[in-house]
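Chemist: In the working numbering, the protein residues as written are 3 to 355. Note that the Cβ used here is the ideal one computed from N, Cα and C, for glycine as well.
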Amino acid sequence: MISAWMLLAFGAMFGWGFGQGFTKKFINDVSGTKFCLYFVFAVSTVNIGLWLYWGAPDPFHYFLPLFDSAGNVVMIESLDAAGNVIMENGIPVMIEKLSTETAFAGEFVFWGTFSYVLDGIAWAAYFVCIRYAPIAIVGTVAAAYPAIVMAVSYFWYTDPINAPTPIMWVGGIAVVAGCVLLGYTPKSAVDPNEDNSHVVAKYWIPLSIIAALGWGLAFSCLGYSTSEYASLPGADGTAQLVLSVIGDGIILIPFALIAGKKDTHSMEGMKLAVTPMILFAVGNVCNMLAYSAEGGADNSGLIAAIGAAYPMITLGFAYIFLKERIIAFHWMAIAIIMSGIMLCTGMVGLMMG
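1) Under the DSSP definition of a beta bridge, which residues are partnered with Y64?
2) Would you give the residue range spanned by the alpha helix (DSSP H) that W7 belongs to?
3) What residue from C131, S33 and M170 has the CA that sits closest to W206's CA?
4) According to DSSP, simplified to helix, strand and coil, what is W56?
5) At a cut-off of 6 Å, is T35 close to the ligand GTP when judged by its beta-carbon and the heavy atoms of the ligand?
6) When you compare the CB positions of F24 and P278, do they come within less than 7 Å of one another, or not?
7) Taking the C-alpha atoms as reference points, what is the distance between V154 and I343?
8) I'd like to check one pair, T142 with I339: are the Cβ atoms closer than 7 Å?
9) Using DSSP with H/G/I as helix, E/B as strand and the rest coil, what is W158?
10) Restricting to Cα atoms, I'd like to know which of N30, W7 and Y118 is closest to P251.
11) Cα-Cα, which of C38, E296 and Y226 is closest to M152?
12) For a minimum of 4 consecutive residues, which ranges assigned as the alpha helix (DSSP H) are wholly contained in the segment 206 to 281?
13) Let me know the secondary structure DSSP gives V119 once reduced to three states.
14) Quick check on this structure: which residue in I123, K26 and N289 has the alpha carbon closest to the alpha carbon of V140?
15) Between the Cα of W56 and the Cα atoms of I315, T240, F319 and A292, which residue gives the shortest distance?
16) What are the boundary residues of the alpha helix (DSSP H) that includes V178?
17) Only counting the same chain, and skipping five residues up and downstream in sequence, which positions put a Cβ closer than 6 Å to that of A145?
18) Beta-carbon within less than 6 Å of L317's beta-carbon, same chain only, minus the 5 sequence neighbours each way: which residues are those?
19) If we call anything under 7 Å between Cβ atoms a contact, is C288 one with G13?
20) Jot down the residue ranges of each uninterrupted alpha helix (DSSP H) in the segment 288 to 341, minimum 4 residues, whole runs only, in chain order.
21) Can you tell me the Cα-Cα spacing of L254 and Y134, whole angstroms?
22) Just the C-alpha distance for E326 and P59, rounded to the nearest angstrom, thanks.
23) Suppose the cutoff is 6 Å on Cβ atoms and the five residues either side in sequence are ignored; what does the same chain contact list for I2 look like?
24) Please work out which residues of its chain come closer than 6 Å, Cβ to Cβ, to F129, disregarding the five sequence neighbours upstream and downstream, and give them in chain order.
25) Given this structure, state the Cα-to-Cα distance separating G285 from K273, to the nearest angstrom.
26) Where do the N-terminal and C-terminal ends of the alpha helix (DSSP H) with A165 fall, by residue?
27) Pick helix, strand or coil for V32, following the three-state DSSP scheme.
28) Tell me whether the beta-carbon of P148 lies closer than 7 Å to the beta-carbon of A310.
29) Nearest to G249 by CA position, among K263, C181, F112 and D265, is which residue?
30) Quick one: give me the first and last residue of the alpha helix (DSSP H) that T142 is part of.
Here it is as structure tokens:
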């Protein structure tokens with residue numbers, strides 16, 4: 003029987019994969035800057051809704067630790083609805099023992115918001131660059147961020163026990179090599195009878211690299227903000243939902259309004275954008291729920307690996323529905339990148355183990 007966390011992980015993979023495909027399908031009808039605005043609206047609606055549903059914790063403040071007569075920190079596990087009793091290690095304790103003094107969660111707020119400022123930069127670059135090349139190419143390069151997360155987190159805060167294995171480093175090298183190969187087109191591989199405009203227009207190369215770097219650094223910072231290594235006061239996954247809205251909004255809203263001031267607005271464009279935005283939102287929700295589902299925490303590595311495979315869905319969509327045809331040399335590069343991503347996220351080891 004398939005576990006709930008696995009179904010949700012595949013839901014994230016399909017949501018992101020089809021979302022990317024439909025974005026490319028409508029990119030000539032809806033500008034990249036407009037997609038930025040629609041994306042902020044969709045993600046904000048979902049994240050704020052989840053934040054409210056999960057208790058709306060204050061993302062900016064945390065309760066100062068309490069100490070007993072022996073000087074030990076009192077661990078508050080839960081507060082009942084009546085508000086007069088707390089549970090300390092499963093034992094009821096009267097609320098008179100509680101203090102309501104709070105402090106500003108400055109470090110957590112900074113890293114949590116900064117993570118999504120980088121995420122916003124990545125999305126802005128992504129929505130612009132997909133106009134200039136087949137989504138099979140651009141989407142795969144932008145999805146190479148797990149290699150960056152692996153390297154940055156290792157040198158920054160990863161516990162030596164959880165350090166990347168040699169095969170994962172091989173995957174990282176494969177991702178970089180594949181990205182380099184995608185940016186090169188042998189003259190002998192260009193068919194003069196085919197549309198090779200994406201070969202000439204190289205705008206997608208720096209933009210897709212910015213997207214991959216942005217997401218890689220964003221998820222590295224996000225991992226740090228909630229890691230045991232940092233142990234930032236006030237760090238909370240649910241509160242992070244609010245900070246994500248702030249961080250993305252700081253970048254995407256001004257970018258869309260300034261860079262897209264000449265773009266025309268139409269109801270037809272909004273209708274077209276609904277499908278990919280819903281799919282992206284569904285992917286995000288499924289990914290969040292997968293980790294909190296029964297057994298999800300114990301299979302976090304496999305959840306990440308399944309989610310990282312979303313370009314495979316986009317590749318199929320692009321071939322069947324967008325009729326994208328790229329040269330064999332670039333298919334080889336894509337295969338190298340996808341293999342590297344699977345190795346970086348540990349999917350091969352998890353499946354074999």
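Modeler: According to the data block:
1) A105
2) A6 to F28
3) C131
4) coil
5) The ligand GTP is absent from the structure shown, which contains no ligand whatsoever.
6) yes
7) 15 Å
8) yes
9) helix
10) Note that residue 251 is Gly in the sequence shown, not Pro. For G251, the nearest C-alpha among the options comes from Y118.
11) Y226
12) 206 to 227 and 242 to 261
13) helix
14) K26
15) T240
16) P168 to L184
17) P313
18) A138
19) yes
20) 302 to 310 and 312 to 322
21) 20 Å
22) 46 Å
23) Nothing can be reported for residue 2, as the shown portion of the chain is limited to 3 through 355.
24) G34, F37 and C38
25) 19 Å
26) Careful: A165 lies outside any alpha helix (DSSP H) and carries neither H nor E.
27) coil
28) yes
29) F112
30) I137 to A144
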